[in-house]
Structures are given as C-alpha cells and as structure tokens.
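S.K.: What the sequence shown shows, in my numbering, is residues 2 to 198, in sequence order.
Note that beta-carbon positions come from the ideal geometry of N, C-alpha and C, so glycine has one too.
Here it is, the structure in full.
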Amino acid sequence: MQLRPSFANALAQLDPAMLERESSLLCGLHDDFTIGYLNSAWTRFADENGASDLHVQYGLGSNWWRCVPAVLEPFLRDAFARARAEPGVWEHSYSCPSAEFERQWRMRILVLPRGGYLLDYQLLSSHLHDEPVCGLDARDYLDEREMFVQCAHCRRMKRAKPPERWDWMPQHVTSPQAATTHSLCELCLAVFYPEPR
C-alpha cells in the first residue's frame with residue numbers, strides 16, 4: 002500500500018486491511034486530483050504488465066489528469082461532476098487490451114465522505130485475442146505530423162493512408178512509439194463516450 006499522510010483522513014472510515022485484500026485496482030485522489038493512495042493490487046498490476054515506471058511517473062503526489070489521454074478528459078470531468086452531484090457510485094465499462102489479452106474493465110468513482118475520491122478499477126474479463134494481427138507497414142499509420150494515432154479506448158491504430166481504418170497492432174501496445182498521440186475511433190466514441198443528454 003502507498004499512502005500519503007495527507008490522504009489518511011479521507012480513508013479513515015475504511016479498513017486498510019480490507020482495501021489491501023481487494024483484487025480491484027484502487028486509487029485515492031484528493032479533491033485537487035493529486036494521487037494520495039494506491040493499493041497493492043495497483044502496484045502489482047503495473048509491475049506484471051511491464052509498467053513498473055508508472056510508480057515514478059504517476060505515483061503519489063502526481064496529478065491524476067497527467068495519465069489521462071486528453072481526448073477522454075471532457076468525459077471524465079463530467080463523470081466526476083456527476084459523481085459529486087448524484088448519490089451513489091458513478092461507473093463506466095471499457096476495454097483496455099494488452100498485446101496478448103482482450104480485457105474488459107469497469108471504472109467506478111466513489112466520493113469519499115471526508116473529501117476526495119476512491120477510483121475502483123475492476124477487471125471484468127480477460128481472454129486471448131482472437132483478432133488477426135495486422136501485418137501492414139507501420140509507415141502507413143504515420144499521419145501528416147509523423148505521429149501514430151491510437152484509440153485511447155480499444156488501443157487500435159489509425160491507418161493514415163487510404164483506406165483509412167483502425168487496425169489491431171499489438172506491437173504498438175507492447176512497445177508504444179514515442180511519437181504516439183491518442184484519439185477515439187468512431188466506434189468507441191459512439192458506443193462508449195456518447196454526448197451527454
């Protein structure tokens with residue numbers, strides 16, 4: 002468990018041993034969205050998925066918004082506002098595949114009574130990809146800025162050259178290119194991030 006002393010009061014009504022037993026990835030945020038708590042499952046998941054440096058880049062005291070792709074920020078800002086305004090728990094299901102596994106997750110935002118938030122990321126399912134690996138030339142995916150565009154939800158890559166489409170390229174998940182930016186493919190935008198009504 003990683004806990005900033007300044008976040009201990011926010012978690013005071015929760016049993017620390019219970020939080021550590023959770024298989025969900027838990028992240029506690031101060032009201033200003035700085036990270037105040039990470040459970041052991043969070044750390045273990047990062048280590049097991051080749052992202053041990055995550056603790057340094059986005060560890061305690063970091064602003065959580067730094068790790069959110071800009072294209073998702075309006076949706077998630079609205080989610081936090083709704084979690085504050087409406088009683089209960091805000092939740093959203095999404096896909097976040099690794100190079101090897103298709104994984105479905107649920108993110109929940111719990112507003113803590115003493116201030117701050119507890120983010121609960123639950124792995125719903127995980128299975129080997131059954132989608133064929135795209136064997137096309139990576140240069141076909143560089144846009145006019147010499148950038149790769151990856152969907153922030155399904156992690157497919159946008160083919161910049163005709164025919165324009167979004168393809169599964171696990172090598173870009175395993176070894177992300179420095180020149181990668183994020184967007185949402187049309188399907189994920191329509192299904193998972195519709196305009197608020």
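For residue 59, I'd like the list of residues in its chain whose CB is within less than 6 Å of its CB, leaving aside the five on either flank, ordered along the chain.
M.R.: Taken in chain order, the residues that qualify are 68.
S.K.: I want to know whether the segment 2–13 touches the segment 25–41 - three or more CB-CB distances under 8 Å.
M.R.: With the cut-off at 8 Å, the segment 2–13 and the segment 25–41 touch.
S.K.: Flag this pair as yes or no: are the beta carbons of residue 122 and residue 110 separated by less than 8 Å?
M.R.: Not a contact, by the Cβ cut-off of 8 Å.
S.K.: Can you tell me which of 96, 32, 26 puts its alpha carbon nearest to the alpha carbon of residue 49?
M.R.: For residue 49, the nearest C-alpha among the options comes from 26.
S.K.: Whose CA, out of 64, 65, 24, 29, lies closest to the CA of residue 45?
M.R.: Out of 64, 65, 24, 29, 24 has the C-alpha closest to the C-alpha of residue 45.
S.K.: For residue 62 and residue 29, what's the separation of their Cα atoms in angstroms?
M.R.: Approximately 11 Å between the Cα atoms of the pair.
S.K.: How close, in whole Å, do the beta carbons of residue 184 and residue 159 come, if the pair is a contact with beta carbons under 8 Å?
M.R.: Between residue 159 and residue 184 the Cβ distance is about 7 Å, and since that is below 8 Å, they are a contact.
S.K.: Straight-line CA distance for residue 84 to residue 140?
M.R.: If you take the alpha carbons of residue 84 and residue 140, they lie about 42 Å apart.
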